[in-house]
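A.B. asks: Can you read through this structure? Questions will come right after.
Number of protein chains: 2
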Amino acid sequence: MSNSYCVATYRCHDEKADFAKKAQGIAVGLTVGSWTDLPETKKAEMQRHLGQVVDVKVHEPAPGAPASERYADISIAYPDANFSRDIPALLVTVFGKLSMDGKVKLIDLSFSEDFLSAFPGPKFGMQGVRELLGVHDRPLLMSIFKSVIGHDLDTLREQFYLQAAGGVDLIKDDEILFENPLTPIEKRVEACLQAAAQAEQKTGQKLLYATNLTGPTFGLLDQARKAVATGANALLFNVLAYGFDVLSELSRHPEINVPIMAHPAMAGAYYPSPHYGIAANVLLGKLMRLSGADLVLFPSPYGSVVMPREENMAIKEVLLTERASDYIYSRDGRPQGALPLKTSFPVPSAGIHPGLVPLILKDFGEQVIVNAGGGIHGHPMGTIAGGQAFRQAIAACQAGQSLRAYAENHPELKAAIDAWGIRE
Amino acid sequence: MSNSYCVATYRCHDEKADFAKKAQGIAVGLTVGSWTDLPETKKAEMQRHLGQVVDVKVHEPAPGAPASERYADISIAYPDANFSRDIPALLVTVFGKLSMDGKVKLIDLSFSEDFLSAFPGPKFGMQGVRELLGVHDRPLLMSIFKSVIGHDLDTLREQFYLQAAGGVDLIKDDEILFENPLTPIEKRVEACLQAAAQAEQKTGQKLLYATNLTGPTFGLLDQARKAVATGANALLFNVLAYGFDVLSELSRHPEINVPIMAHPAMAGAYYPSPHYGIAANVLLGKLMRLSGADLVLFPSPYGSVVMPREENMAIKEVLLTERASDYIYSRDGRPQGALPLKTSFPVPSAGIHPGLVPLILKDFGEQVIVNAGGGIHGHPMGTIAGGQAFRQAIAACQAGQSLRAYAENHPELKAAIDAWGIRE
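Protein sequences, first through last, are from chains A and B. The numbering of the first sequence is our numbering, which starts it at -12 and goes up by one. The numbering of the second sequence is our numbering, which starts it at -12 and goes up by one.
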C-alpha cells in the first residue's frame, strides 16, 4: 500500500540559502530527524516516516531589486503515519519548530484523502444556510450590532428589531461581547429571537442570529448546548483565540445543530507579513472549512480594515471550490472528482456601505454575504432604511441596473449613495 | 469604586498617521464603539466601559532614515467590565479586530489585580520543579529524544536510559510525537519511567519526564489524567496549537498534579515580524506564566534556531520577576509588593552544546534549564558522555573555572569542546 501524505508549502526568504538543501533539511528534520547516519536496515523501516521534497521554486530578485527579495516556495510532503488526525498535530508537525527558523511563511496546505476523511467539514455549509433561510436566488445580507457593551436587553432587542426590519438575513453579535450580567447568552438569545419574530411579521423573512460563544474552552460545549436549547439558530466563534480543533469538535458535535460563523479576530497576528506567519487562504480559508465553519468572516479589500484583493479572492476560492484537487494531495496525480466537504459561505467584512455592493458582487458573484455595521446603523434615514438600502443595492445589481439609476425610485438607496458614494 | 483596567501596548508603524487620534480611535472603537454621538445622559452610564489612552510615544525616524521606520508605542487601558476573566476574551478585546488594522504589533500586556486574581498561575513553578528534583544549587539539565517517530518502545526506553544515565534532570518528548500505535502515551510513560528508575540506581538522581499531551482538545483532560495515572511526572504541551486557555484550564485542574512544560511550537508565526503579531515576551513570557506553565521553552540566542538576545532577556525577565508592577496596571500608581504568581522556569533551546553553557549562565544566571538534543546525542563518546559533558560544563561555571581548564580532567567535556568549540 502506498503511503499517503499531507503537503505544506512555505515561502522562504533568504538572500543566499541553498534552497534545495534547505528543503531536504526540512523534509528530514521535521520527520525522522536524521537520515544519512541511519543504518541501511533501519532506513527501509523508516522510509514510510520520511518527509519528501515535492517542489522547490526559487525566485531570484529582478535585476536591480534588493537581495532581500530572494525567496523560494518549498513544498514538503509529510507522511500521515507521523501525526494523528487533528489540526494541532498537523500544524505542529509542519510549522511548529519551522515557524521559528528564519523567514518562513506557511502559504498552502494540501491534505491526504485519509487525513481529510477525518473531518466532516461544515454541517450546513453555504447551501445549508440558504436552506435555513429559504433564500436561494441572491447574495445574503448580514448586519452587526452597533454597540453592545454596557447595553441592556431592551436596547439589544430594539437594535435587533431595527436591523431585522430592514430585511437583513443574518445578525451577528459583536465578537467582543462576552458573558456579562446585562446580556447573558440565554437572555440575549431569548430577547433577540423575540425581536426576530416581531420583524418577521413585517418582512415575512426568516433570520439567523449568531450569538457569540465565549468563556473557558472546556465549558464551550455546554455553553453552546445552552444557547441552542434556548433557541439560538447560529453561533459566532472566535476560532483563532481557541484553536481550529475546538471549532472542529464543536461543528461535528451532533447536538450543535446550528451553523457556526467563524470570526477572524486575531488573524492579523498571522497573515499580513510577507515573511512570517500563515497566509490568509490557509488561515481563514482551508483550515476554517476543514474545521467546519459554515460561514467565514474576513476583512474585505473594499472597506475600513483592508486585505489585498488577491488574498480575498484566494480565500473565496478555497471556501467555495468543489474541486478535490484544490485540497487533496495525491502522489499518483491530481485527484479527480468533487471535494467531500460542503462549501463555506464567504463574508467579506468591515467598512461596507451600499455603494460597494457592485464591487463585492463583481468579485464574489452571488455566493457571498454582504456584511455591514456602520453602513446600516449610520444610514441618514435610520437603521431600517440602512438594511433596505443594501437590499436595494443587491436588487439593482441582480437586475443589471446601475445603483444610481435604481436609486431614482428608491430613496433609501439614494440617501446611502449621497452619504457614502459609489465605488465601481 | 474606581474601575480597573487591563492595558495593552502596541507598536504601530505608519508613515504619517496622527497617532494621538489613532490611540483615541482604538480606545473608543474597541470598547463602547462610539462616544461623541452618545447622549450626555448615556455617557455617564457608559463611562465605565470606555477605553482610556494611557500613553502615546511617537518615534520619528532618525534623519536620513526611511519614513517607513516611523512608529508609535500606544498603550490603551481596557475596562475589566468589558470582558470575562479568560485569555481568549482579553486577547479578542485588545487584539481581535485591531490585529488586522494596519501595521500593529502587540508588544506588552498588563493586567488588573482583579483579572490577574482569576489565574492561579504555575502550580509548581521554578521552585516547585526544583523541589520535585531535590536540586536547588545549580542550573538544571534537560535533554530531548534524538528521534522518536517510527521507533518502538524498546528504542525509546534505551534512548531514555542513555540520556538519564548521563545525569540529566529532565527529559522531554519530541513535540511532534503524537498518539501512535508504536508508542502510545501510557506505554511510553511506563517504558520511560522504567528506564528512569534504572538510571537512578546509577546516578542517584531524580528525573522528570515530560510526555507530550496531544489529540482533540475536549479529550486532553482525560488524556492527561491517563498519563498521570500511569505515573507521568510532567507533561509537555504545544500551547499555541491549542490556545492559552487550554493550558490555563489544565494547569489549574486539581487532578493534573504534575508540572506542565510549554512548548513554543507555532510561536514563529507570531513574534518575529517587527510590524505584526505578538512580541515574544508577551507570547512566550507573560501569557505562558499567567496560563500556568511551570517551564517555558523558547529559541535561545545561541544555537541553531535563534531569537535576538534582548527578546530572550525580556522573556526571562517576565518569567522570573517577583515584582507585581511588571504585571499589574493600577491607575493609582505602580503597585508595590510581590507578584502573586509563581515563577516559570526559562528553557532557552535549540542547537545548545556544552561550549555555550558559560554564555547561557551569564545571561540567565542559575535559574535556567540548559536544554540539549544533538549536543547530548551527538557527543563523540556517546549519549551518556553527552549528558556528563553538560554537567561538567555547568560545574565548571559554578566553580568559576574556564571550560578549557576544567576539561583537562574531564574527558567528556574535553571531547565536546573539541567537537563544537566554546563561545564566550
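We treat Cβ as the ideally placed atom computed from N, Cα and C, and that holds for glycine.
#1: Between the beta-carbon of ALA211 of chain A and the beta-carbon of ALA183 of chain A, is there less than 8 angstroms?
#2: Given a cut-off of 8 angstroms on the beta-carbon distance, is the pair LEU284 of chain A and SER238 of chain A in contact?
#3: Does SER423 of chain B have its Cβ less than 8 angstroms from a Cβ in chain A?
#4: Can you tell me whether GLN146 of chain B is buried or exposed, with buried defined as 16 or more other CB within 10 angstroms of its CB?
#5: Once the 5 residues before and after LYS303 of chain A are set aside, which same chain residues still bring their CB inside 7 angstroms of it?
#6: Can you tell me which of B:LEU346, B:ILE339, B:GLN188 and B:ASP160 puts its alpha carbon nearest to the alpha carbon of GLY361 of chain B?
#7: Whose C-alpha, out of A:SER(-9), A:SER287, A:LEU307 and A:TYR(-8), is nearest the C-alpha of ILE347 of chain A?
#8: Since LYS159 of chain A sits in a beta bridge, which residues does DSSP pair it with?
#9: Using beta carbons (cut-off 8 angstroms, strictly below), is ASN220 of chain A in contact with chain B?
#10: Please list, in chain order, the chain A residues whose beta carbon lies closer than 7 angstroms to that of GLY153 of chain B.
#11: What does TYR(-3) of chain A pair with, by DSSP beta-bridge criteria?
#12: Are the stretch 161 to 169 of chain A and the stretch 126 to 144 of chain A touching, with three or more C-beta to C-beta distances below 8 angstroms?
#13: Along the stretch 0 to 11 of chain A, what residues have a CB closer than 7 angstroms to any CB found in chain B?
#14: Are the Cβ atoms of SER235 of chain B and SER278 of chain B separated by less than 8 angstroms?
#15: May I ask you to report which of helix, strand or coil DSSP gives MET(-12) of chain B?
#16: According to DSSP, ILE265 of chain B sits in a beta bridge with which residue or residues?
#17: From the DSSP output, which residues share a beta bridge with PRO341 of chain A?
#18: Might you give, ordered along the chain, the residues of its own chain that have their beta carbon closer than 7 angstroms to the beta carbon of SER97 of chain B, omitting 5 neighbours on each side?
#19: Give the interface partners of HIS36 of chain B over in chain C, defined as CB-CB distance under 7 angstroms, in chain order.
#20: What are the boundary residues of the alpha helix (DSSP H) that includes ASP42 of chain A?
#21: Return helix, strand or coil for VAL283 of chain B, following the three-state DSSP convention.
#22: Going by DSSP in three states, GLU399 of chain B sits in which element: helix, strand or coil?
#23: Since PRO126 of chain B and ARG276 of chain B should fall inside the 8 angstroms C-beta cutoff, what is the C-beta to C-beta distance between them, to a whole number of angstroms?
#24: Only counting runs of 3 or more residues, tell me where the beta strand (DSSP E) segments fall wholly within the stretch 285 to 313 of chain B, in order along the chain.
#25: How many angstroms separate the CA atom of GLY191 of chain A from the CA atom of ALA178 of chain A?
#26: Count the other CB atoms within 10 Å of the CB of ARG392 of chain B; is the residue buried (16 or more) or exposed (fewer)?
#27: First and last residue of the beta strand (DSSP E) that includes MET248 of chain A?
#28: Check whether chain B comes within 8 angstroms of ALA380 of chain A, counting only Cβ atoms and requiring the distance to be less than that.
#29: Grouping DSSP H, G and I as helix and E and B as strand, with all else coil, what is LEU223 of chain A?
#30: Closest to TYR404 of chain A by C-alpha separation, out of A:ALA254, A:ARG175, A:ALA386 and A:VAL344, would be which residue?
#31: Would you report the Cα separation of LEU306 of chain A and LYS329 of chain A, rounded to the nearest angstrom?
#32: Between the Cα of GLY408 of chain A and the Cα atoms of A:LEU222, A:GLN39, A:GLY153 and A:TYR289, which residue gives the shortest distance?
#33: Using Cβ-Cβ distances below 8 angstroms, what residues of the stretch 238 to 253 of chain B are close to chain A?
#34: Between the Cα of GLY230 of chain A and the Cα atoms of A:HIS240, A:LEU271, A:LYS90 and A:ALA383, which residue gives the shortest distance?
#35: Applying the criterion that 16 or more other CB atoms from any shown protein chain within 10 Å of the CB defines a buried residue, is ASN331 of chain B buried or exposed?
#36: If the cut is a Cβ gap below 8 angstroms, which residues of chain A does LEU208 of chain B touch?
C.D. replies: In this structure, then:
#1: Within the first sequence, residue 211 of chain A is the residue found at index 224, counting from 1. Within the first sequence, residue 183 of chain A is the residue found at index 196, counting from 1. In this structure, ALA183 of chain A does not lie closer than 8 angstroms to ALA211 of chain A by Cβ.
#2: Position 297 of the first sequence, counted from the first residue, corresponds to residue 284 of chain A. Position 251 of the first sequence, counted from the first residue, corresponds to residue 238 of chain A. No; because the gap between Cβ atoms is not below 8 angstroms, this pair is not in contact.
#3: Outside the displayed range of chain B (-12 to 411) lies residue 423 of chain B, so it cannot be described from this structure.
#4: Here residue 146 of chain B refers to the residue found at position 159 of the second sequence. Under this definition GLN146 of chain B is a buried residue.
#5: Against the first sequence, residue 303 of chain A aligns to sequence position 316. Excluding residues within five positions, the ones whose Cβ falls inside 7 angstroms are PRO333 and PHE351.
#6: Start at 1 with the first residue of the second sequence, and residue 361 of chain B comes out as number 374. With distances taken between Cα atoms, GLY361 of chain B lies closest to B:ILE339.
#7: Taking the first residue of the first sequence as position 1, residue 347 of chain A is located at position 360. Comparing Cα positions, the closest option is A:SER287.
#8: Position 172 of the first sequence, counting from 1, holds the residue named residue 159 of chain A. Note: LYS159 of chain A sits in a beta bridge opposite A:ILE131 and A:ALA197.
#9: Translated into positions along the first sequence, residue 220 of chain A becomes position 233. Not one chain B Cβ lies under 8 angstroms of ASN220 of chain A.
#10: Looking up residue 153 of chain B in the second sequence gives position 166. Going along chain A, no residue has its Cβ under 7 angstroms from GLY153 of chain B, so there is no contact; the nearest lies around 19 angstroms.
#11: By 1-based counting over the first sequence, the position of residue -3 of chain A is 10. In the DSSP output, where bridge partners are listed per residue, TYR(-3) of chain A has A:ILE61 and A:LEU93.
#12: yes
#13: none
#14: Numbered from 1 along the second sequence, position 248 holds the residue referred to as residue 235 of chain B. Numbered from 1 along the second sequence, position 291 holds the residue referred to as residue 278 of chain B. A contact, by the Cβ cut-off of 8 angstroms.
#15: Locating residue -12 of chain B in the second sequence gives position 1, where the first residue counts as 1. Residue placement at MET(-12) of chain B is poorly supported in this model, since its pLDDT is 40, which falls under 50; the coordinates still yield a value, given next. MET(-12) of chain B: coil per DSSP, three-state reduction.
#16: The residue labelled residue 265 of chain B in the question sits at position 278 within the second sequence. In DSSP, ILE265 of chain B forms a bridge with B:LEU93.
#17: As a working note, residue 341 of chain A is residue 354 in the first sequence. Answer is none; PRO341 of chain A lacks a bridge partner.
#18: Numbered from its first residue, the second sequence carries residue 97 of chain B at position 110. Excluding residues within five positions, the ones whose Cβ falls inside 7 angstroms are CYS(-7), VAL(-6), TYR314, ILE315 and TYR316.
#19: Included in the structure are the protein chains A and B, with no chain C among them.
#20: Numbered from 1 along the first sequence, position 55 holds the residue referred to as residue 42 of chain A. Segment 39 to 46 is the beta strand (DSSP E) holding ASP42 of chain A; no alpha helix (DSSP H) there.
#21: As a position in the second sequence, residue 283 of chain B is number 296, starting the count at 1. Here VAL283 of chain B sits in strand by DSSP.
#22: Here residue 399 of chain B corresponds to residue number 412 of the second sequence, with the count starting at 1. The answer is helix: DSSP assigns GLU399 of chain B an H, G or I state.
#23: For the purposes of this step, residue 126 of chain B is identified with residue 139 of the second sequence, where counting begins at 1. For the purposes of this step, residue 276 of chain B is identified with residue 289 of the second sequence, where counting begins at 1. About 19 angstroms; that fails the 8 angstroms criterion.
#24: none
#25: If you number the first sequence from 1, residue 191 of chain A lands on position 204. If you number the first sequence from 1, residue 178 of chain A lands on position 191. For GLY191 of chain A and ALA178 of chain A, the distance between alpha carbons rounds to 19 angstroms.
#26: Counting from one through the second sequence, the residue named residue 392 of chain B turns up at place 405. Sequence check: residue 392 of chain B is Ala here, not Arg. The residue is exposed, with fewer than 16 neighbouring Cβ atoms inside 10 Å.
#27: Numbered from its first residue, the first sequence carries residue 248 of chain A at position 261. Per DSSP, MET248 of chain A belongs to the beta strand (DSSP E) from 247 to 249.
#28: In the first sequence, counting from the first residue as 1, residue 380 of chain A sits at position 393. No, because no Cβ of chain B sits closer than 8 angstroms to the Cβ of ALA380 of chain A.
#29: The residue you call residue 223 of chain A lines up with position 236 of the first sequence. Here LEU223 of chain A sits in strand by DSSP.
#30: Position 417 of the first sequence, counted from the first residue, corresponds to residue 404 of chain A. It is Ile, not Tyr, that sits at residue 404 of chain A in the sequence shown. ILE404 of chain A has its Cα closest to that of A:VAL344, out of A:ALA254, A:ARG175, A:ALA386 and A:VAL344.
#31: Reading the first sequence from its first residue, position 319 is the one you call residue 306 of chain A. Reading the first sequence from its first residue, position 342 is the one you call residue 329 of chain A. Near 9 angstroms, if we compare the C-alpha coordinates of LYS329 of chain A and LEU306 of chain A.
#32: Sequence index remark: in the first sequence, residue 408 of chain A carries index 421 (1-based). Minimum Cα distance to GLY408 of chain A is reached at A:TYR289.
#33: HIS250, PRO251, ALA252 and MET253
#34: In the first sequence, counting from the first residue as 1, residue 230 of chain A sits at position 243. Comparing Cα-Cα distances from GLY230 of chain A to each of A:HIS240, A:LEU271, A:LYS90 and A:ALA383, the minimum goes to A:LEU271.
#35: In the second sequence, counting from the first residue as 1, residue 331 of chain B sits at position 344. Per the sequence presented here, residue 331 of chain B reads as Ser, with Asn not at that position. So SER331 of chain B ends up on the buried side.
#36: Along the second sequence, one-based indexing puts residue 208 of chain B at 221. Neighbours of LEU208 of chain B on chain A, chain order: PHE205.
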